[in-house]
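Student: Count along the sequence shown from 1, then add 1427; that gives the number in the working numbering. Using N, Cα and C, we set each Cβ at its ideal position, and we do this for glycine too. Owing to the predicted nature of the structure, the values given are computational and were not obtained by experimental measurement.
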Amino acid sequence: MKLKIVIFFILSFVLFGCGSLYAQSGTTKAKADSMAAVRKYRNSKHYTDSVTRARKLKIITQAKTRQSKTDSIKAARAVGNDSLAAIKKQRTDSVKTIQKERTEKVAKAKKYKSSKRYSDSVTVARRQHLDEIKRQQKVVRDSIASSRQKDLNISKNIRKHQADSLKASRTKVTDSIKLVRKKRVDSLNKIKLAKEKSLKGKDKTTEEKKKLALEIKMKSKREKFTNTSMLKKKWSFFRKFTQNSFTHYNYYYNANRKLEEANANMLRGGMKENYDSLIKLYPFDPDRDSSMLAADMDSIIRKVSVGLQIHDPRVKWGNDMYLIMGQAYYYKGNYANAATTFRYIIANDEIIKKKEGGASQSRKPTSIVEEEQSKFNIFQHKSVHNDAIIWLARTYTQMRMVENGQAVLSLLSTDAHLPEDLVGKVAAGRAFGYLSDNNFTAASEQLYIVTEDGYLPDWLRMRAAFLNGQILQNEGKFLKSAESFDRALDFFPKIDMDFYARKNIAFNTLHAGKDVGDGMKPLKKVLNDGKYVTYYDQVYFVLGQIAAKANKPNDAINYLQQSAATPKATKKQKAISFAALGDVYYGVGNYPLAKKAYDSATKYAGTTKDASIAVAIQKSKGLGEISGPAGIIAEQDSLMELAKLSPKEQQNAVRKYLQALQKKHSDSTKSAGNDGTGGTA
């Protein structure tokens, strides 16, 4: 229809255009023709049908439009109704769900309140509430009692002060009376003594004169008796043999044997050493221990003095006896006489050399040592000249004249004729001097020489190796220190030094970054030897410390528990072991067990003064605030877990708990019986 309308308008436009073209020839005719054509077209069936179709199409279009609007309105209304229904259903479902949950909660609460677990928890809460009320009541009662006691003490102090002041005034009067009486008695006694003294004065003067005359006579006889007069006698073979034999096998032998016994006692006894700090190179310190051997040294000095006085001064054992005398003076702490004696030996040897050598001796290069004798001449008497020089240097060091001693030893060490068997002794003397000056680095070098010198006694080499290990450990040279302690074990030291050497080897191996297992081997070996049974507590303690430092808390806990449970562990060692165990538990965050360990350390501490125990006591107080509530929570949880069990399972759990308590009680009884026995801490 629309197409026809368009065609109509196009034809009209064409006709109008054509009319314009022929306007000049006949406008009126054209208009009449066009109008006639238009009327004709309008009257035609084609036009009528097109108009009818257009009207129908318009009516259909309008009907469709109205139907579309109606359908959209219905659809919108349907969507609105559906959404309203969904919302109403959702609200209804949520209300039903809430009502159901509320009903279930109420039922669950009623069921829980009617259960034994709830009644038990209520009972516990009530008991705790009552306990808290009782505690507060007790605090109030205690405060009232303390205030009353304070008032009573104040009243008592006032009464005591009044009584003391009254007593003091009475005592003052009494003392003044006694003083007056005493002065009177003293004056009378002085008068009496003066009279008696005047009577006895003459008799005493006579007696003193006789005593003085006797002492002068005896002194003159002693001065007249010297062995220098024997020099006038001929030094024949028979006299030489007789004098040397009597001097050697009588006086020298007895004095030397007594000195050897004293040296053995020094090595065997003396004061107990602290191996946790630097030990001394020589176990006997005259400045500290001279009184222990004073009687023996006086006896040795008397024997030597008599032997020197009654025998010919030309005997070859004279210097040997002077050496023994010098050593005795040294061990007595009389360093001046000791140094004088050693210098006399050196000077006397020089005089003898000059007499024997003459002019040829003066042309030889100067040497302060005597050359080593031939090894084949074993029966020849060995000179003590070199030993006297070593002892003189040691005496200077002991006299705090370290420079003099080191100067003598420096001359010895640079001497071209220094015998091989004297190298170690020189090194020992120099190490002794360096240690006195706290020059530990230089001392360490000399101690190594002493350790490796086969001419020195094993006890000195052993102590040098151990002391060198301690010095190297303090300097942070852990591998060399471990080697030095291991070298000390080669000399089979006493059990206490042996244990500390093994302990230090383990610590040095750990600090050096080596395998911890290798460091623990020497200590674990000790556990298989019965002679170390008194050290088991310390061995386990050291193993626990090493494991803790190696970040192995489980091993550390195991070792420290064994240390505390060792039958012969002392109370001090138990306290230290429990303190270390608490530190391990504290490090892994197990505060309840740390609190228990610290409490055990406090229990066994007593009067022990140790930094770790003091720290344990402080930590125990702090952990009480943390572990207390945690313990209550754990107790409540365990009760709740127990409530969930059946009656039979509950009985089994109670039976196991009672058995554990009984075992713990028996273990504590055994431990109490072993406290304070055996072991060293």
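First and last residue of the alpha helix (DSSP H) that includes D2026?
Tutor: Y2018 to A2032
Student: Is the region 1769-1782 close to the region 1833-1845, with three or more CB pairs under 8 Å?
Tutor: no
Student: Helix or strand or just coil, what does DSSP make of A1766?
Tutor: helix
Student: Considering only residues of the same chain and omitting the five flanking positions on each side of V1969, which have a CB-CB separation below 7 Å?
Tutor: If we look at V1969 and ignore the five residues flanking it on each side, its Cβ neighbours are K1930, A1933 and L1950.
Student: Check the C-beta distance from S1871 over to N1895 and give it rounded, since I have them as a contact under 8 Å.
Tutor: 5 Å
Student: Would the region 1873-1893 count as touching the region 1906-1917 if we require 3 or more Cβ pairs under 8 Å?
Tutor: yes
Student: Look at the alpha carbon of I1817 and the alpha carbon of N1831, and state the distance between them as a whole number of angstroms.
Tutor: 12 Å
Student: What are the start and end residues of the alpha helix (DSSP H) that includes L1511?
Tutor: K1472 to K1540
Student: Nearest to N1935 by CA position, among Q1897, D1923 and L1887, is which residue?
Tutor: Q1897
Student: Count the C-beta pairs between the region 1849-1865 and the region 1874-1892 that are closer than 8 Å, then say yes if the count reaches three, no if not.
Tutor: yes
Student: Identify, in the order they occur along the chain, each residue of the same chain with its Cβ nearer than 6 Å to the Cβ of L1384, setting aside the five sequence neighbours on each side.
Tutor: Nothing in the structure corresponds to residue 1384, since the chain is present only between 1428 and 2108.
Student: Distance, Cα to Cα, S1592 vs T1598?
Tutor: Distance between the alpha carbons of S1592 and T1598 is about 10 Å.
Student: Using C-beta distances below 6 Å, list every residue in its chain close to D1964, excluding the 5 sequence neighbours before and after it, in chain order.
Tutor: S1990, T1993, A1996, Q2000 and G2106
Student: Would you mind working out which of K1904, L1708, K1979 and R1770 sits nearest Y1861, comparing C-alpha positions?
Tutor: L1708
Student: Which residues mark the beginning and the end of the alpha helix (DSSP H) in which W1818 is found?
Tutor: H1812 to Q1825
Student: Would you check if there are 3 or more beta carbon pairs closer than 8 Å linking the region 2066-2081 to the region 1543-1562?
Tutor: yes
Student: Between which two residues does the alpha helix (DSSP H) carrying F1711 extend?
Tutor: From DSSP, F1711 is part of no alpha helix (DSSP H); its letter is neither H nor E.
Student: In the DSSP assignment, find the alpha helix (DSSP H) that holds L1694 and state where it starts and stops.
Tutor: Y1680 to R1695
Student: Taking buried to mean at least 16 other C-beta atoms within 10 Å of its own C-beta, is G1753 buried or exposed?
Tutor: Label assigned to G1753: buried.
Student: Note down the Cα distance separating A1590 from S1570, rounded to an integer number of angstroms.
Tutor: 30 Å
Student: CB I2040 to CB A2087, shorter than 8 Å?
Tutor: no
Student: Less than 8 Å separating the beta-carbons of K1694 and P1713?
Tutor: For the record, residue 1694 in the displayed sequence is Leu; it is not Lys. No, Cβ-Cβ distance for L1694 and P1713 is not below 8 Å.
Student: Work out the CA separation of K1535 and N1508 for me, nearest whole Å.
Tutor: Using only the alpha carbons, I get a separation of about 40 Å.
Student: Going by C-alpha distance, which of M1748, T1961 and G1760 is nearest I1772?
Tutor: M1748
Student: Looking at the ligand ATP, does it come within less than 7 Å of T1488, judged from the CB to the closest heavy atom?
Tutor: Among the ligands in the structure shown, none appear at all, so the ligand ATP cannot be discussed.
Student: Quick check: what's the CA-CA separation for V1733 versus L1819?
Tutor: The straight-line gap from Cα to Cα measures roughly 23 Å.
Student: Compare the C-alpha of F1926 against each of Y1967, K1979 and F1905 and name the closest.
Tutor: Y1967
Student: Would you identify the three-state DSSP class for T1841, choosing helix, strand or coil?
Tutor: coil
Student: Does N1761 pass the burial test, meaning 16 or more other C-beta atoms within 10 Å, or should it be called exposed?
Tutor: buried
Student: Could you tell me the distance, in whole angstroms, from the CA atom of R1493 to the CA atom of A1503?
Tutor: Straight-line Cα distance between these residues: approximately 15 Å.
Student: Using three-state DSSP, classify D1547 as helix, strand or coil.
Tutor: helix
Student: Kindly provide the ranges of any beta strand (DSSP E) runs that are 3 or more residues long and lie completely inside the region 1558-1595, ordered along the chain.
Tutor: none
Student: Considering only their Cβ atoms, is the gap separating A1977 from L1937 smaller than 8 Å?
Tutor: yes
Student: Whole-angstrom Cβ separation of S1726 and K1685, contact assumed at under 8 Å?
Tutor: Contact flag correct, Cβ pair sits at about 6 Å.
Student: Note down, one range per segment and in chain order, each alpha helix (DSSP H) of at least 4 residues found wholly within the region 1931-1993.
Tutor: Runs of the alpha helix (DSSP H) inside the region 1931-1993: 1943-1953, 1963-1976 and 1980-1992.
Student: Given that a residue counts as buried once 16 or more other Cβ atoms are within 10 Å of its Cβ, and exposed if not, what is Q1788?
Tutor: At Q1788 the pLDDT is 49, less than 50, meaning the model places this residue with poor confidence; the figure from the coordinates comes in the next sentence. Exposed, by the Cβ-count rule.
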